[in-house]
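Inspection log for the structure reproduced underneath, given as structure tokens.
In this note's numbering, the protein residues as written are 15 to 171.
See the structure below:
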């Protein structure tokens, strides 16, 4: 499965009074990665209709570890877990990967996105070209946030 990789810079103003990136700011990181994926990368692949309009119908976020400001960007990996007729589910991990290959995951999240016809003021269907682009990043597993919500005891059983 291919994942879209986005290097997201951290800003000093992203931190809150507790010295770590504020929970609301993570939504901005997800948005930046999603815009790069669905607008920039999709347009380069010939599926630029998403840039004409889309709305977020749902966010689900699990905060795994605090993230503090530093000069290096954080990695946001994005992939698709569901493509419906008029919606899709995008999943993310915000993380770092050390030189030895170990990963630190800060956030796992998912977003339900609905393509939207701004001129008509209503949702629209996903086109065949968009579906083909999205399918390159498809992973049939449940959203990472849903996986994280399952207690470890239930997984071990």
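The C-beta atom is built at its ideal place from N, Cα and C for all residues, glycine as well.
Beta carbon proximity, residue i to chain C, threshold 8 Å
i, result
"residue 112", "The structure shown has no chain C; it contains just one protein chain."
According to DSSP, residues forming a beta bridge with residue i
i, result
"residue 68", "129"
"residue 113", "Partner(s): none; residue 113 has no beta bridge."
"residue 140", "Partner(s): none; residue 140 has no beta bridge."
"residue 118", "110"
"residue 92", "18 and 106"
Buried versus exposed, by CB contacts within 10 Å (16 or more), residue i
i, result
"residue 124", "buried"
"residue 169", "In this predicted model, residue 169 has a pLDDT of only 32, less than 50, meaning its place in the structure is not dependable; the value taken from the coordinates is given anyway. Counting Cβ neighbours within 10 Å, residue 169 comes out exposed, since fewer than 16 surround it."
"residue 151", "buried"
"residue 129", "buried"
"residue 118", "exposed"
"residue 31", "exposed"
"residue 171", "Note that residue 171 scores 33 on pLDDT, short of 50, meaning its location in the model is unreliable and no value can be drawn from it."
"residue 19", "exposed"
Anticipated Cβ contact below 8 Å, residue i with residue j, distance rounded
i, j, result
"residue 22", "residue 87", "5 Å"
"residue 44", "residue 102", "Not confirmed; about 14 Å, so no contact."
"residue 144", "residue 40", "That pair is no contact at about 26 Å."
"residue 79", "residue 120", "5 Å"
What are the complete beta strand (DSSP E) segments, minimum 3 residues, inside the segment 23–81?
-> Here the runs fully enclosed are 68–77.
For the 8 Å Cβ check, are there 3 or more pairs between the segment 47–57 and the segment 113–121?
-> No, the segment 47–57 is not in contact with the segment 113–121.
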